[in-house]
């Protein structure tokens, strides 16, 4: 695994904007960064990332099957009791799912270590699936990369397969929050794939979804929403007024309610508990006293934090790194510290995508901190032996 500096395409910004990738720059700071790329060997990809992703996903599915049958475990994950039945039913009835992302600490040797699961509302999808693939093809075409360069990336293909298998006959709505350009970019990309496999799709802002007196979710024209992909986390929905109406509504949700089990960090202690010593897992347990200082060599994480918020760590040699944020009242876990590798001035995180139930590709992000935040940059990767 190497970081290699390279020339940017002179027209990459125009290309991005022509394709609808409008969040390539955020707050005047680069988000997409092609001034360098990460190079992997095929062995690193297949043995150290693809195989562990498949194995961990299978462990997660086994764990969901166990958790839905246990009120004690559902409670441990802070899923509100009124939603136990809905979560359980969504699993037992086999409600289909589309995607998820695992984040790993990996430096090119030794086992990749799972830091967390993003299995409900992961973003960085379009740039991983489509834009970095376009970068690779165009750079090869322009002679900027070797012709035999490849990429671990079947995300787009597998998404097409996943949507085609749904065989939906009614409109599929894709919803994101009104003011988020990045979230809209993610849902627009998924809509495009749905359309390509023959599914009629529509966008709706989450704030504009209505509820009729007889419990049906509708759009602004009072049309029923039969299928809804919502880029809005279940842990929020559980505490919102419309959440209580979901179980009795006749809307099919993506991601399904059972994803709430593996989309909060409370799942990490359970994964460790039932798979103790697995080479790709880090020791983790519930933090019963989050008021205490984080021990050396450990990380404190709230169950529901996002983009690095409210995470605190202490390295083995006593360096303390922490991020503020709004997630101060959630339960916390302690997880063994696995430092992100440092390339130059940046710390590097590998996100490994699961589409349906298959490992499908990676995206690499960098930050100037050991905690990856919403200010991280996305860099392309390639495979070269």
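Numbering (the numbering used here), first residue to last: 14 to 398. Glycine included, each C-beta is placed from N, C-alpha and C at the ideal position. Quick caveat: nothing in here was measured; it's all calculated off a predicted structure.
- A residue is called buried when at least 16 other Cβ atoms come within 10 angstroms of its Cβ; residue 204 meets this threshold and is buried.
- Separation of residue 35 and residue 197 (C-alpha to C-alpha, rounded to the nearest whole angstrom) is 10 Å.
- Rounded to whole angstroms, residue 350 and residue 88 show a C-alpha spacing of 26 Å.
- Residue state for residue 256 is assigned as helix, using DSSP reduced to three classes.
- Pairing residue 376 with residue 140 gives a Cβ-Cβ distance under 9 Å.
- Under DSSP, the beta-bridge partners assigned to residue 371 are 368.
- Pairing residue 46 with residue 27, the inter-Cα distance amounts to about 14 Å.
- The C-beta distance from residue 174 to residue 145 rounds to 20 Å, too long to meet the 8 Å contact threshold.
- For residue 377, the secondary structure class from DSSP, reduced to helix, strand or coil, is strand.
- For residue 186, the beta-bridge partners assigned by DSSP are 215 and 241.
- One thing to note: residue 397 has its Cβ within 9 Å of the Cβ of residue 54.
- Assigned with DSSP and collapsed to three states, residue 342 falls in coil, not helix or strand.
- Taken through DSSP and simplified to helix, strand or coil, residue 60 comes out as helix.
- Taking the C-beta atoms as reference points, residue 224 is found no nearer than 9 Å to residue 176.
- Residue 277 and residue 316 have their C-alpha atoms roughly 5 Å apart.
- The DSSP-derived three-state label of residue 306 is coil.
- Cβ neighbours of residue 119 within its own chain (closer than 6 Å, five residues either side excluded): 125 and 363.
- Annotated three-state conformation of residue 269 is coil, per DSSP.
- Pairwise C-beta distances place the stretch 306 to 325 out of contact with the stretch 97 to 114, as fewer than three of them are shorter than 8 Å.
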